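J.: The structure follows.
Number of protein chains: 2
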Amino acid sequence: MSNIRLAVIEDDNIVKISLETFFGMKDDITMTTSCISVEDFLVEIQKKEATLPNVILLDIQLPGMTGIEGISEIKKYIPHCNIIMLTTFEDNEKIFAALCAGAVSYLSKQSSLASIYDCITTVASGGSYMSPGIARKVIQHFTPTTKTINPLTTRQQEIVSAIVDGLSYKMVGDKLGISLDTVRTHIMQIYRELNINSKGELIKWALKQ
Amino acid sequence: MSNIRLAVIEDDNIVKISLETFFGMKDDITMTTSCISVEDFLVEIQKKEATLPNVILLDIQLPGMTGIEGISEIKKYIPHCNIIMLTTFEDNEKIFAALCAGAVSYLSKQSSLASIYDCITTVASGGSYMSPGIARKVIQHFTPTTKTINPLTTRQQEIVSAIVDGLSYKMVGDKLGISLDTVRTHIMQIYRELNINSKGELIKWALKQ
DNA sequence: AAAAACATCACATCAAGATGTGAATAATTG
DNA sequence: CAATTATTCACATCTTGATGTGATGTTTTT
């Protein structure tokens, strides 16, 4: 069928050629473009004879624009393409930055050509694949292991909650049936414990909980 | 090595026996327990001669407690076990409920025994695997489709950003090279546009963006 | 070109928040 | 039992924030 039109953006020429060659030989894949930078790629796809890819293998570390920055640029021209990140980095920041920018898969460069191929066919048919280690990190993002037990006492929590709801100290006092000064004392105590010194930081802290 | 100790919790007897038999024959897997409900499983593992599993295949639809409820119960006794959800359902709610509860993988029941086996070895070695369709849904959770364009001008955004960073009006003015009064004017304008009237609400608004 | 929107600044006033010092009572913990 | 922690309150001071009124210059849009 060859309904997969693949582009490769990779600065390491050896890797690039290896990918090109391997996937160019697959019956179900048509290689459209192969570039060493996102900038080059953007030029290529704007030529009128260009065939737009529906799957892109994109390296993260690239000369010029990084792969992560590249995602949004590419999406401006090919909004529905499936971008697979191919990288040596497995640090959380990069993974989530890429996924948030719109990548659909994230593969370690250790992956075999066969599993990259699996990934390509998978994303072309609307699925997604991640390397095991990366999948684990993505999943851990959901598990609230961050059981940062709230170090505040019940009373302190009531006060913080009221503050976050937008009440002034005076209103908090009225609501909890205590004096303005007591509210202030509590707030000071809370600031000390959380190492902060303004209502703004308190609200940020509370919203992150 | 047989460092994988596997438990199966599945109410469909045919499926259960098929899993038991298939994985029981693998050299690297020791079957520890096989139950038709979470309740039964919890009784089993509390017998003193019981071997605790480090990987559990857990069905979602079960008599009594559901698999999702079961996750947290099981984790109380075996906190570090790797739970693989095995299910016919691919609806977002169940997927995220399971992942949030602490499942590390989520497989469709359509999966072949071979790929379930891959999954088991993958999670046992600290990775994770999801069926392609499920992986896609998980990933889509990261892409902010909610393009809530923020109605503020560039300057206003700079000011809000500085405020959220915890700067006082004076410090914002210094940072942006404008006077305290100018900052105030901007803030008032922002409050009008966002229909709010305090710094706290502004911070909440900004953090929701 | 006129209107609207954006960005800048000043002066004034009142409300609210931040911070220090000091202290009393009740409950909890070592 | 003694020490600590949680909760309460008061007084004082200074900084910051909220809000109004008024004004000037620059873009951008109509």
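Chains as they are written, first to last, in our numbering: chain A, 23 to 231; chain B, 23 to 231. Don't be surprised by glycine CBs; every beta carbon is placed ideally from N, CA and C. Note that the coordinates shown come from a computational prediction; the quantities given were computed from them, not determined experimentally.
1) Tell me whether residue 175 of chain A is buried or exposed, calling it buried when 16 or more other Cβ atoms sit within 10 Å of its Cβ.
2) Can you name the start and end residues of the beta strand (DSSP E) that residue 57 of chain B belongs to?
3) Could you tell me which residues DSSP pairs with residue 107 of chain A in its beta bridges?
4) Would you report the Cα separation of residue 55 of chain A and residue 203 of chain B, rounded to the nearest angstrom?
5) Can you name the residues of chain A whose CB is closer than 7 Å to the CB of residue 152 of chain B?
6) Closer than 8 Å by C-beta to residue 189 of chain B: which residues in its own chain qualify, once you throw out the five before and the five after it? Chain order, please.
7) Interface residues of chain A around residue 198 of chain B at Cβ under 7 Å?
8) Check the Cβ of residue 164 of chain B against every Cβ in chain A and list those closer than 7 Å, keeping chain order.
9) Any contact between the segment 127-134 of chain B and the segment 132-141 of chain A? By contact I mean 3 or more CB pairs, one from each, below 8 Å.
10) Answer with buried or exposed for residue 102 of chain A, where buried requires no fewer than 16 other C-beta atoms within 10 angstroms of its C-beta.
11) Under a Cβ-count criterion, where at least 16 other Cβ atoms within 10 Å of its own Cβ denotes burial, should residue 65 of chain A be classed as buried or exposed?
12) Residue 229 of chain A versus chain B: which residues are under 9 Å apart at the beta carbon?
13) What is the rounded straight-line gap between the Cα of residue 275 of chain B and the Cα of residue 191 of chain B?
14) Taking 7 Å as the limit between beta carbons, can you name the residues of its chain near residue 168 of chain A, skipping five residues before and five after?
15) Measure the Cβ-Cβ separation of residue 33 of chain B and residue 108 of chain B and say whether it is below 8 Å.
16) Between the alpha carbons of residue 146 of chain B and residue 140 of chain B, how many angstroms are there, rounded?
17) Closest Cβ-Cβ distance between residue 133 of chain A and chain B: below 8 Å?
18) In the structure shown, what three-state DSSP assignment does residue 121 of chain A receive?
19) Does the distance from the CB of residue 164 of chain B to the CB of residue 122 of chain A come in under 8 Å?
20) Any C-beta of chain B sitting closer than 8 Å to the C-beta of residue 109 of chain A?
21) Given residue 138 of chain B, which residues of its chain have a CB within under 7 Å of its CB, disregarding the five upstream and five downstream residues?
22) Would you verify that the beta carbon of residue 220 of chain B is, or is not, closer than 8 Å to some beta carbon of chain A?
23) Should residue 188 of chain A be flagged as near chain B, meaning a C-beta pair shorter than 8 Å?
24) Excluding the 5 residues preceding and the 5 following residue 42 of chain B in the sequence, name in chain order all residues of the same chain whose CB lies nearer than 7 Å to its CB.
25) Can you give the Cα-Cα distance for residue 45 of chain B and residue 63 of chain B, rounded to whole angstroms?
26) Using a C-beta cutoff of 8 Å, does residue 88 of chain A count as contacting chain B?
27) At which residues does the beta strand (DSSP E) containing residue 29 of chain B begin and terminate?
28) Under 7 Å Cβ to Cβ from residue 228 of chain A, same chain only, skipping five residues before and after it: list those, please.
29) At a CB-CB cut-off below 8 Å, which residues of chain A make contact with residue 149 of chain B?
30) Buried or exposed: where does residue 92 of chain A fall if 16 or more other Cβ atoms within 10 Å of its Cβ makes it buried?
31) Consult DSSP for residue 210 of chain A and reduce its assignment to one of helix, strand or coil.
32) How long is the line joining the alpha carbons of residue 58 of chain B and residue 80 of chain B, rounded to whole angstroms?
33) In three-state DSSP terms, what is residue 193 of chain A?
34) Just grab the DSSP bridge partners of residue 152 of chain A for me.
35) Candidates B:60, B:180 and B:69: which alpha carbon is nearest residue 209 of chain B's?
T.: In short:
1) Result: exposed.
2) Taken as a continuous stretch (DSSP letters only), the beta strand (DSSP E) holding residue 57 of chain B covers 51-57.
3) A:80 and A:128.
4) In a straight line, the C-alpha of residue 55 of chain A is about 55 Å away from that of residue 203 of chain B.
5) Near residue 152 of chain B (Cβ distances below 7 Å), the residues of chain A are 157.
6) Counting only Cβ-Cβ distances below 8 Å, and skipping sequence neighbours, we find 197.
7) Correct list: empty, because the minimum Cβ distance to chain A is about 17 Å.
8) For a Cβ distance threshold of 7 Å, residue set 118, 121 and 122 of chain A lies close to residue 164 of chain B, ordered along the chain.
9) Cβ pair count under 8 Å is below three, so no.
10) The residue is exposed, with fewer than 16 neighbouring Cβ atoms inside 10 Å.
11) So residue 65 of chain A counts as exposed.
12) When 9 Å is used as the limit between beta carbons, residue 229 of chain A is near these residues of chain B: 225, 226, 229 and 230, in chain order.
13) The structure shown does not extend to residue 275 of chain B, since chain B is modelled only from 23 through 231, so no value can be given for it.
14) A caution first: residue 168 of chain A carries a pLDDT of 47, below 50, which makes its placement in the model too unreliable to give a value.
15) Result no, Cβ atoms of residue 33 of chain B and residue 108 of chain B do not sit closer than 8 Å.
16) The straight-line gap separating the alpha-carbon atoms of residue 146 of chain B and residue 140 of chain B is approximately 10 Å.
17) Output row for residue 133 of chain A: interface = no.
18) In this structure, residue 121 of chain A counts as helix in the three-state DSSP scheme.
19) For residue 164 of chain B and residue 122 of chain A, yes; Cβs fall inside 8 Å.
20) Not one chain B Cβ lies under 8 Å of residue 109 of chain A.
21) Cβ neighbours of residue 138 of chain B beyond the five flanking positions: 129.
22) Chain A, which has a Cβ nearer than 8 Å to the Cβ of residue 220 of chain B, makes this yes.
23) At least one CB of chain B lies nearer than 8 Å to the CB of residue 188 of chain A.
24) Within the same chain, and ignoring the five residues on either side of residue 42 of chain B in sequence, the residues whose Cβ sits closer than 7 Å to its Cβ are 30, 53 and 56.
25) If you draw a straight line from the Cα of residue 45 of chain B to the Cα of residue 63 of chain B, it is about 18 Å long.
26) So no, residue 88 of chain A is outside the interface.
27) Bounds of the beta strand (DSSP E) holding residue 29 of chain B are 26-31.
28) Taken in chain order, the residues that qualify are 182 and 186.
29) Chain-order list of chain A residues neighbouring residue 149 of chain B: 153, 154, 155, 157 and 158, by C-beta distance under 8 Å.
30) Burial call: buried.
31) Correct three-state label for residue 210 of chain A: helix.
32) Approximately 10 Å between the Cα atoms of the pair.
33) Helix at residue 193 of chain A.
34) Paired residue(s): A:128.
35) Measuring C-alpha to C-alpha distances from residue 209 of chain B to each of B:60, B:180 and B:69 identifies B:180 as the nearest.
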